[in-house]
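Read through the structure below, which is laid out as structure tokens, and then see the notes.
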Amino acid sequence: MKRLVVISNRVARADPRTTEDAGASGGLAVAVREALSETAGLWFGWSGQLSETPALHGPEMQPGGYRIATVDLTPADHRGYYNGYANEALWPVLHSAPHLMHHDADRYTAYRSVNRQFVDRLLPLLHPDDMIWIHDYHLLPAAEDLRRRGLRNPIGFFLHTPFPAADAFAALPEHRALVEGLAHADLIGFQTASDLRAFQDYIRWEAGGSVSMDGRMEAFGRHFRASVFPISIDPAAFALTAERHADSDYCLKLARGTGRGALMLGVDRLGYTKGLPHRMLAYERLLELQPDLRRRMAFVQIASQSRSKLPEYVAIRRELEEISGRINGRFSEPDWTPLRYINRGIPRETLAGVLRMARMAVVTPLHDGMNLVAKEYVAAQNPEDPGVLMLSRFAGAAQELDAALIVNPLDHDETARRMHQGLTMSLEERRERWEAMMAVLSANDVSRWWRSFVRALADAANPTAQPPTGRLLRRDHPRLATEGSAVVKREGFMRETGAATSGRVHNGLLMRASGDA
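Take 1359 as the starting number for the sequence shown in the working numbering and just add one per residue.
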């Protein structure tokens, strides 16, 4: 395999210790370290340091046999590129909230400047046969900048956020320039089929391009491919971590704090895309509708700080404090607190133990990417007595883990009813649902994710190759009938809704990101 060069905003060093890095450590960082170790690769990105005289650090050899190289940013560039354009313009638009966008032409200039700086620093480190893999919305123009410097190597790009409807993305004044930059990649990867369809709509109706059934696209005078590659975790490793830490001091104290009743758990970074106020309001509705559940359970919401100085994040924190205070004021008893709101992170190993002890995990974003915590919760469960996963239909994981309880988080009554269903669900049904979801995780782990993308990138860079291997197969495809896949066997599981499970269907197609032919 050729050397892989990964470019991302931040470079995750070994063993991140807090939930600020938990998402990356569970998905991107695990995958990148494995991929780079196998290819003696290079990971390049921002150092996390600010300096008026930015320096390049590395390449430094890592224990896995790969190298990392990082570059500093000036305070002004960081304000414009990261805090400004990436977080206050791109982030809300990508999460279908263009009304929250704060646009400033100077911030876009800084964004483009930092992308060029990354490319300038990286180019001398590249080899002629390297494969380049760019990650996430911070670096949308990087492929174009590399091409304009004369780089002919295969370039792939993966978006870890959702991609919104074409009209929503067009709210960005620079939307066309950003997608034109993406078109310089050979392969563009998305988390879900919904994201891919939205991007295809943009190519057709905004860019005036064309989209083929096999994933080939043409726009801006360029030919490229796009496909679906749902990111995942290492379920076996996470399960072992959860089992080892389920009896940690933190978990034992948390159990005592819930009065040994059933624990409902939410784990998120603080933000307006996570649906946290709606989640708390649904829980309040549950307490109103089901007074018999009081004292028999408690809800713990862990919401670690994120972008804490931005006005929208200050507002959401105040709103959550107000709602949690009202709920506890209404329903608390001398020896029972219905809601515990923890506004800080916990170590990743401890988080794994907390997920294992929770009877129900509530993952209900308004619009979000994969939501790896949902997959981590499934992997963390005790197979003999698993808990229940509740997922927003707008979470990326819902398109794979639809043996979960799927809800519309904007419907507080429905969410409250589903909370009650989960808390009173029989052991037999809990096991059945968990087995269905665990089968999906086992078949599509994080190693399969990165391998399928890298194989598809190699194919996409070859004009004569077949379509990328992250693909959609019909349910009646002969391979699905002969493989004995648990994904297929679970069809029709959701008795109360009639929905298919363990592989969300889109227009009669079963999503399957596979590199094994």
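Where a beta carbon is used, it is the ideal one built from N, C-alpha and C, also for glycine.
Check	Outcome
Which same chain residues end up closer than 7 Å to V1731 when comparing Cβ atoms and leaving out the 5 residues on each side of it in sequence?	V1625, V1721
Specify, as a first and last residue, the run of the alpha helix (DSSP H) that I1589 falls within.	Careful: I1589 lies outside any alpha helix (DSSP H) and carries neither H nor E.
When the Cα atoms are used, what is the spatial distance from V1363 to R1675?	38 Å
Could you spell out the range, first to last residue, of the beta strand (DSSP E) harbouring P1767?	That residue, P1767, is in no beta strand (DSSP E); it is neither H nor E in DSSP.
Give me whichever residues DSSP pairs with A1656 in a beta bridge.	L1621
To the nearest angstrom, how far is it from the Cα of R1654 to the Cα of G1619?	5 Å
Check whether the segment 1579 to 1593 touches the segment 1530 to 1550, taking contact to mean three or more Cβ pairs, one atom from each stretch, closer than 8 Å.	yes
Assuming Y1671 and L1634 are in contact, meaning their beta carbons sit under 8 Å apart, how far apart are those beta carbons, in whole angstroms?	Their Cβ separation, rounded to whole angstroms, is 11 Å, which puts Y1671 and L1634 out of contact at 8 Å.
According to the Cβ coordinates, are A1535 and F1515 closer than 7 Å?	no
Skipping 5 residues on each side, what residues in its chain have a beta carbon closer than 7 Å to that of R1368?	G1403, W1404, G1406
Span of the alpha helix (DSSP H) holding A1389?	1386 to 1397
Pick helix, strand or coil for A1819, following the three-state DSSP scheme.	coil
Looking only at C-alpha atoms, which of T1708, N1802, A1434, L1498 sits nearest to I1591?	N1802
Could you please give me the residues that DSSP links to D1626 through a beta bridge?	A1661
Reducing DSSP to helix, strand and coil, say where T1840 ends up.	Because T1840 carries a pLDDT of 32, less than 50, the predicted location of this residue cannot be relied on, and the following value inherits that uncertainty. Correct three-state label for T1840: helix.
Per DSSP, M1718 forms a beta bridge with which residues?	M1622, V1746
Output the distance between the C-alpha atoms of T1708 and S1606, rounded to the nearest integer angstrom.	7 Å
Between the segment 1596 to 1605 and the segment 1695 to 1715, are three or more C-beta pairs nearer than 8 Å?	yes
Round the Cβ separation of R1652 and F1689 to the nearest angstrom and send it over; I've been treating them as touching at under 8 Å.	6 Å
Bridge partners for R1574 per DSSP, in chain order?	R1583
Measuring alpha carbon to alpha carbon, tell me which residue in I1660, R1775, A1816, A1594 is nearest L1621.	I1660
Considering just the uninterrupted stretch of the beta strand (DSSP E) at A1427, what are its terminal residues?	1425 to 1431
Strictly by DSSP, which residues pair up with F1515?	I1492, I1546
Entirely within the segment 1440 to 1489 and at least 4 residues each: give me those alpha helix (DSSP H) ranges in chain order.	1449 to 1452, 1463 to 1480
Below 7 Å between beta carbons: does that hold for M1571 and F1582?	no
Please confirm whether any heavy atom of the ligand FMN lies closer than 6 Å to the CB of P1741.	In the structure shown, the ligand FMN is absent, as is every other ligand, since no ligand is present at all.
Using the three-state DSSP reduction, which class does M1728 fall into: helix, strand or coil?	coil
Report, in whole angstroms, the separation of the C-beta atoms of L1540 and L1498, which I expect to be a contact under 8 Å.	6 Å
Thinking C-alpha only, which one of P1649, Y1439, F1527, L1645 is nearest H1770?	L1645
For V1477 versus L1504, is the C-beta distance shorter than 7 Å?	yes
Tell me whether L1610 is buried or exposed, calling it buried when 16 or more other Cβ atoms sit within 10 Å of its Cβ.	exposed
Assuming the contact rule is C-beta atoms closer than 8 Å, D1743 and L1785 should be a hit. Round their C-beta distance to whole Å, please.	7 Å
Return the bridge partner residues of L1362 from the DSSP annotation.	M1489
Please work out which residues of its chain come closer than 6 Å, Cβ to Cβ, to G1828, disregarding the five sequence neighbours upstream and downstream, and give them in chain order.	For G1828, the predicted model reports a pLDDT of 42, less than 50, meaning its position is unreliable; a value from the coordinates is still stated below. Cβ within range, chain order: S1585, V1586, F1587, S1810, A1814, A1871.
Under the three-state reduction of DSSP, which class applies to G1615: helix, strand or coil?	helix
Going by DSSP, what residues sit across from H1415 in a beta bridge?	T1428
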